[in-house]
Amino acid sequence: MNAGRSPLRALRCLRHQNVLRQSQRTFFTPPQTPPPNYPGHIPTTAPQKALLAFGSALGSFLNPRRGDLIAILGETTCSPYFIQRLHSAMLTHPTGRRLLREKPRITSTSLSIPTLLNLPANTVGHAYATWLHHEHVSPDTRPHVQYIDDPEHAYVMQRYRESHDFYHALTGLPVIREGEVALKMFEWCNTLLPMTGLATVAVTTLPKEGRKRMWEVYFPWAIRNGLRCEEVINVYWEEELETDVDVLRKRLGLEKPPDLRAIRRAEKERLKAANQSAQS
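Going by the working numbering, the first residue of the sequence shown is number 10, and it counts up by one from there.
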């Protein structure tokens, strides 16, 4: 009897071991990473995106100069609604549809900066190239999208990212903390991307006079213009290089904000004069 039961017992034991291995594989083996959807894409799960969003938000708040962290924050917080909304806004606009179809890129290869500098002074191209030269930045400094899964949505984010310097040229806001905070408020109201809204929290890190300027001058300007002007994601910048900046602003329904550098310069001179007066 015992000898007859041994094969049956062994079979049951083997089956039990297989079930145990299968359960261990189910509960303890991480899910297989899907293949990338486009060059440079890093597939991530929802929990991984949440962790990346939290870490990048904290890091970029502590160091607003970390453009790589700001890029990660933008990519991990734009889904499932906001990047789809921006994509839909492009689909409903004739120029936006062309951009999605042709997918142009803004780089130092696609744009000749020396040629743009030779354009008339008040053209979009000259203002853009002059701004790049003055601020010591390049079109190639914008990182590639990695964490957005849909290739079409990834292009929308890449286009927004590469157009950011044109927004600076269009508004005249400089690449200093105050200028970036003001521009991010404008972008938030115009694009609704969460990263741009989260970036405005950096207003709390500004000195007292800077915070006052934001609340009294630049935030009201950004909210008013961001909500009322056309969605700037639909501007085909490469075709507007010879357009007069004032003409483009008027077409978009955008008013230029007060010159931030001039205001800061005047404030410094006022404080300097006050200090000299107090010492004399």
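Backbone N, C-alpha and C fix where the C-beta goes; we use that ideal spot for every residue, glycine too.
Tell me whether residue i, by its Cβ, gets closer than 6 angstroms to a heavy atom of the ligand PLP.
i, result
"alanine 211", "Looking for the ligand PLP in the displayed structure turns up nothing, as the structure carries no ligands at all."
From the DSSP secondary-structure annotation, give me the bridge partner or partners of residue i.
i, result
"threonine 132", "Asp253"
Looking only at its own chain, which residues have a Cβ that is under 8 angstroms from the Cβ of residue i, when we skip the five neighbours before and after it?
i, result
"leucine 100", "Arg106, Leu109"
"tyrosine 47", "Pro160, Ala163"
"arginine 186", "Pro73, Ala211, Thr214, Leu215, Gly219"
Could you check whether residue j and residue i sit closer than 7 angstroms to each other, using their CB atoms as the reference points?
i, j, result
"threonine 53", "tyrosine 156", "yes"
"leucine 192", "leucine 182", "yes"
"tyrosine 137", "alanine 178", "yes"
"glutamate 196", "threonine 205", "yes"
"valine 165", "leucine 95", "yes"
"threonine 85", "leucine 67", "no"
"asparagine 131", "aspartate 253", "yes"
"tyrosine 169", "isoleucine 51", "no"
"glycine 293", "arginine 237", "In the structure displayed, the chain extends from 10 to 289; residue 293 sits before or after that span and is not available."
"histidine 173", "glycine 49", "no"
On the CB-based measure, 16 or more other CB atoms within 10 Å of its CB, does residue i come out buried or exposed?
i, result
"asparagine 127", "exposed"
"leucine 250", "buried"
"glycine 188", "buried"
"valine 256", "exposed"
"glutamine 167", "buried"
"tyrosine 227", "buried"
"alanine 231", "buried"
"isoleucine 92", "buried"
"arginine 233", "exposed"
Looking only at its chain, what residues have a beta carbon closer than 6 angstroms to the beta carbon of residue i, apart from the 5 residues adjacent to it on each side?
i, result
"serine 88", "none"
"isoleucine 115", "Pro148, Glu171"
Using a Cβ-Cβ cut-off of 7 angstroms (strictly less than) and excluding sequence neighbours within five positions of residue i, which residues of its own chain qualify?
i, result
"serine 69", "Arg75, Leu78, Ile79, Leu82"
"valine 212", "Val190, Arg220, Met223"
"glutamate 239", "Leu261, Gly262"
Give the list of continuous beta strand (DSSP E) stretches no shorter than 3 residues that lie fully inside the segment 158-232. Within the segment 158-232, no complete beta strand (DSSP E) run reaches 3 residues.
Which runs of the alpha helix (DSSP H) fall wholly inside the segment 66-126 and span at least 4 residues, in chain order? Complete alpha helix (DSSP H) runs here, min 4: 76-86, 91-100, 103-111, 122-126.
If we require 4 or more residues per run, which alpha helix (DSSP H) segments fall completely within the segment 235-281? Inside the segment 235-281, DSSP marks whole alpha helix (DSSP H) runs of 4 or more residues at positions 254-261, from first to last along the chain.
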